[in-house]
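Structure first, commentary second.
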Amino acid sequence: MNLVFFMQTSVRDYSYDQKETIKGFFTNDEWDAIDSAMCDFQDYGDKQTDLANSIGNKLYELFKSDIRRGQ
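For the sequence shown, position 11 (counting from the first letter as 1) is numbered 396 according to the working numbering, and the numbering increases by one without interruption.
If you want it as structure tokens, here you go:
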């Protein structure tokens with residue numbers, strides 16, 4: 386019997402200030418390294434791909450306002 390576990394967090398809307406605090410945990414270069422590492426990690430299998438996609442979606446949500454402003 387194969388059991389599949391998915392890591393889930395509660396969905397909530399973060400305020401602008403909360404998002405800015407989270408972004409401040411790392412420099413832009415460090416965030417880029419995290420994103421790059423997730424791209425490599427997804428190559429290790431289906432479970433890792435799902436996890437990397439989940440993390441990537443959260444990073445996108447965190448930075449999407451910056452992307453829209455062209456930053």
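Yeah, the Cβ is synthetic: ideal placement off N, Cα and C, and Gly gets one too.
Computed from a prediction, not measured in an experiment: that's the story for all the values here.
Note on Ala422: under 16 other CB atoms within 10 angstroms of its CB, so exposed under the neighbour-count rule.
Ser450 carries a helical assignment under DSSP once its states are collapsed to helix, strand and coil. In the DSSP assignment, Thr406 falls within the alpha helix (DSSP H) that extends over Tyr401 to Lys408. CA-to-CA, the gap between Tyr429 and Asn413 works out to about 26 angstroms. When rounded, the separation of the alpha-carbon atoms in Asp451 and Tyr445 is 10 angstroms.
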